[in-house]
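FYI, the numbering for the sequence shown is 166 to 529, going by the working numbering.
We put the beta carbon where it would ideally sit given N, CA and C, even for glycine.
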Amino acid sequence: MVNSKTAALLTGASGYLGGSLLVHLIRKFEIETRNVKLYTLVRKPEQVSQVHELGGDVTVLIGDVMDAEGMKKLIIDNSISIVIETVDARLFTVAQPCIEALAVVKEKLSVPVHFVHTSGAKMHSSQVGIDQSGFLNDDGDVYNTLARVDTQHPVMKKFVRVNNEIIDYAESKGVRSYIVAPPMVYGPGKGFGNKISIQNAALVRVARALGQLYQIDTTDTIWALMHIDDQCALYATVLAGVLDLKAPYGKDGFYFSENGTFSWRQLSLALLNALRKRNSLDAVDKLPVATEGDLVAMSQVLRCDVGMVPLSFAGNCLIRGNNARKLGWTPQYGVEHLMSSAEEEVAFIIKEDKVFAFPGAKLP
Ligand SMILES: NC(=O)c1ccc[n+]([C@@H]2O[C@H](COP(=O)([O-])OP(=O)(O)OC[C@H]3O[C@@H](n4cnc5c(N)ncnc54)[C@H](OP(=O)(O)O)[C@@H]3O)[C@@H](O)[C@H]2O)c1
């Protein structure tokens with residue numbers, strides 16, 4: 166019997182975004198009704214059974230996204246026509262083989278094929294030099310805004326062109342591309358692997374180790390926020406729009422996930438005070454402005470280059486996600502939830518953090 170299902174592959178099944186999305190798709194997406202055959206990618210054999218333990222009819226593939234030929238083979242052999250990539254926001258070389266393989270599947274099956282790339286809000290922020298005097302709307306001309314931006318930051322310079330490269334390459338191959346750009350995502354992950362997000366986990370690590378958090382920008386800067394459940398719902402909305410061929414794609418296919426903004430200073434203060442409370446210390450109402458020495462100390466805790474610290478917890482990101490909302494996405498969690506859930510967030514991060522190890526931590 167010919168399998169008429171649409172084969173969709175989700176990468177990063179053991180990750181925060183990919184793992185949470187996998188659970189969301191299994192539990193809430195009605196894969197069967199939508200006639201989807203769901204595949205997911207892991208790179209360690211022991212993760213196969215962990216996916217199966219989640220339940221749901223999911224076929225697990227083992228592969229490495231850096232192995233271009235291997236990825237092409239997996240996609241072509243399984244006639245996958247939709248790839249949702251959640252492993253690497255920055256590397257065109259991860260997207261390229263997927264797009265090439267999707268083009269082969271398109272030729273073979275004569276069906277539309279789709280590549281959903283997970284980018285990040287940083288690519289659309291002051292960190293790359295995008296004008297912050299107003300909001301950047303994802304249903305505006307994001308493609309040309311990115312094409313014009315003159316990024317000076319040595320790290321971001323390398324990555325700022327990736328979204329447009331993906332769009333151009335996919336278009337040249339007849340593949341529909343979609344750029345999902347999550348901002349600071351928070352909340353407990355739902356997958357079997359990593360359950361904590363990047364920025365809050367890093368802030369908590371710094372606060373535990375140094376007993377302090379800092380104001381990194383001299384002015385109070387604000388950034389877009391997104392709860393993990395809303396993030397998964399956005400991916401699911403985009404996927405539904407992809408299946409119905411209703412989701413804008415290519416140069417019109419940007420999907421900023423945001424539900425308002427938060428202040429880096431206020432968030433840092435809330436996380437620090439949650440940790441202070443756990444350590445029976447009174448709350449503070451101000452953060453010191455970070456000195457060069459503080460930035461170095463933070464980079465030592467995070468084991469990163471000192472230049473990465475301001476890139477991680479500073480800057481402005483004023484983005485508006487209209488495209489997913491037009492497809493029916495309705496996020497539930499906003500800044501009030503972010504700020505009022507700081508204590509639960511800190512407790513969850515401490516419980517789930519498999520990386521933090523800092524002898525002499527000041528707020529353990
Ligand atoms: N979390 C956020 O708030 C956020 C916001 C915006 C953008 N992003 C971007 O979204 C991407 C995913 O973020 P995340 O928070 O979900 O990260 P994560 O929790 O670290 O997950 C990364 C996933 O990628 C897998 N992986 C890594 N290298 C791989 C490879 N070579 N081949 C196959 N799989 C590989 C990991 O598998 P293993 O278990 O084998 O390591 C894991 O499943 C990143 O590029 C991140 O920058 C994240």
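Just the C-alpha distance for residue i and residue j, rounded to the nearest angstrom, thanks.
| i | j | result |
| --- | --- | --- |
| Phe419 | Phe427 | 22 Å |
| Glu517 | Leu399 | 25 Å |
| Asn359 | Ala178 | 9 Å |
| Val167 | Gly221 | For Val167, the predicted structure reports a pLDDT of 49, less than 50, and the residue's modelled location is therefore unreliable. A value from the coordinates is still provided. Answer to the nearest angstrom: the Cα atoms are 22 Å apart. |
| Ala172 | Ile191 | 14 Å |
| Glu510 | Leu274 | 46 Å |
| Gly225 | Ile249 | Reading the sequence as shown, one finds Val at residue 225 and not Gly. Answer to the nearest angstrom: the Cα atoms are 14 Å apart. |
| Gly458 | Lys355 | 37 Å |
| Asp304 | Thr310 | 12 Å |
| Ile515 | Asp306 | 41 Å |
| Tyr343 | His282 | 6 Å |
| Gly184 | Gln497 | 20 Å |
| Leu390 | Val350 | 6 Å |
| Glu218 | Val259 | 28 Å |
| Gly352 | Ser433 | 15 Å |
| Trp388 | Asp229 | 32 Å |
| Thr316 | Gln380 | 23 Å |
| His318 | Asn200 | 45 Å |
| Val293 | Gly472 | 14 Å |
| Lys237 | Pro348 | 29 Å |
| Val513 | Lys271 | A quick correction: the sequence has Phe, not Val, at residue 513. Each residue's Cα considered, the two are about 43 Å apart. |
| Leu174 | Leu446 | 48 Å |
What are the start and end residues of the beta strand (DSSP E) that includes residue i?
| i | result |
| --- | --- |
| Glu126 | Not covered by the structure: residue 126. The range shown for the chain is 166 to 529. |
| His282 | His279 to Thr283 |
| Arg341 | Arg341 to Ala346 |
| Leu528 | Where Leu528 is concerned, there is no enclosing beta strand (DSSP E), given that its DSSP letter is neither H nor E. |
| Ile245 | Ile245 to Glu250 |
| Phe257 | Where Phe257 is concerned, there is no enclosing beta strand (DSSP E), although the alpha helix (DSSP H) it sits in stretches over Phe257 to Leu274. |
| Thr310 | Here Thr310 belongs to no beta strand (DSSP E); instead the alpha helix (DSSP H) covers Val307 to Arg313. |
| Tyr420 | Phe419 to Phe421 |
Using only CA atoms, which one of the options lies nearest to residue i?
| i | options | result |
| --- | --- | --- |
| Lys519 | Gln292, Tyr498, Val369 and Gly458 | Val369 |
| Thr251 | Lys411, Thr456, Gly285 and Phe357 | Gly285 |
| Ala526 | Val466, Gly493 and Ala489 | Val466 |
| Phe324 | Asn309, Val350, Met288 and Asp303 | Met288 |
| Gln261 | Ala462, Gly305, Ala366 and Val327 | Val327 |
| Leu507 | Val474, Thr384 and Asn365 | For clarity, residue 507 is Ala in the given sequence; the question names Leu instead. Taking only the C-alpha atoms, the option nearest Ala507 is Asn365. |
| Ile196 | Asp447, Ile381 and Ala405 | Ala405 |
| Glu234 | Glu218, Cys263, Val500 and Val213 | Cys263 |
| Arg443 | Val407, Gly376, Ser477 and Ser185 | Gly376 |
| Ile331 | Met391, Glu265, Leu390 and Tyr351 | Glu265 |
| Ala401 | Val270, Pro210, Gln292 and Leu492 | Leu492 |
| Arg341 | Thr383, Val403 and Thr198 | Val403 |
| Trp429 | Glu272, Pro453 and His217 | Pro453 |
| Ser337 | Val269, Phe357, Gln317 and Ser362 | Val269 |
| Tyr414 | Gly499, Pro277, Arg208 and Gly425 | Pro277 |
| Ala435 | Ser445, Leu446 and Asp450 | Asp450 |
| Ala374 | Asp394, Arg485, Ala522 and Asp253 | Ala522 |
| Met321 | Asn424, Leu256 and Phe513 | Leu256 |
| Ser362 | Glu272, Leu182 and Met504 | Leu182 |
Compute every distance between the C-beta of residue i and the non-hydrogen atoms of ligand 2, then say whether any falls below 7 Å.
| i | result |
| --- | --- |
| Lys193 | As far as ligands go, the structure on display features ligand 1 and does not contain ligand 2. |
Residue i and residue j look like a contact to me (Cβ under 8 Å); what is the Cβ gap, rounded to whole Å?
| i | j | result |
| --- | --- | --- |
| Arg441 | Leu528 | 7 Å |
| Leu267 | Ile227 | Their Cβ separation, rounded to whole angstroms, is 20 Å, which puts Leu267 and Ile227 out of contact at 8 Å. |
| Ser246 | His279 | 7 Å |
| Val345 | Ser298 | At roughly 25 Å, the Cβ-Cβ gap does not stay under 8 Å, so Val345 and Ser298 are not in contact. |
| Thr386 | Ala479 | 6 Å |
| Leu301 | Leu483 | 6 Å |
| Val223 | Thr205 | 6 Å |
| Lys202 | Tyr308 | In fact, because the Cβ distance is near 32 Å, the residues do not count as touching under 8 Å. |
On the DSSP bridge list, what partners appear for residue i?
| i | result |
| --- | --- |
| Asn302 | Arg485 |
| Phe357 | Answer is none; Phe357 lacks a bridge partner. |
| Thr426 | Ala389 |
| Gln212 | Beta-bridge pairing links Gln212 to no other residue. |
| Tyr351 | His392 |
| Tyr498 | None; Tyr498 has no bridge partner. |
| Val207 | Ile227 |
| Leu174 | Tyr204 and Val248 |
| Gln380 | Val454 |
Please decide whether residue i counts as near chain D, where near means a Cβ-Cβ distance under 8 Å.
| i | result |
| --- | --- |
| Tyr334 | Of the protein chains in this structure there is only one, and it is not chain D. |
Could you give the residue range of the alpha helix (DSSP H) that holds residue i?
| i | result |
| --- | --- |
| Ala372 | Ile363 to Leu375 |
| Ala507 | Ala507 to Glu517 |
| Asp296 | Premise fails: Asp296 is in no alpha helix (DSSP H) and is neither H nor E. |
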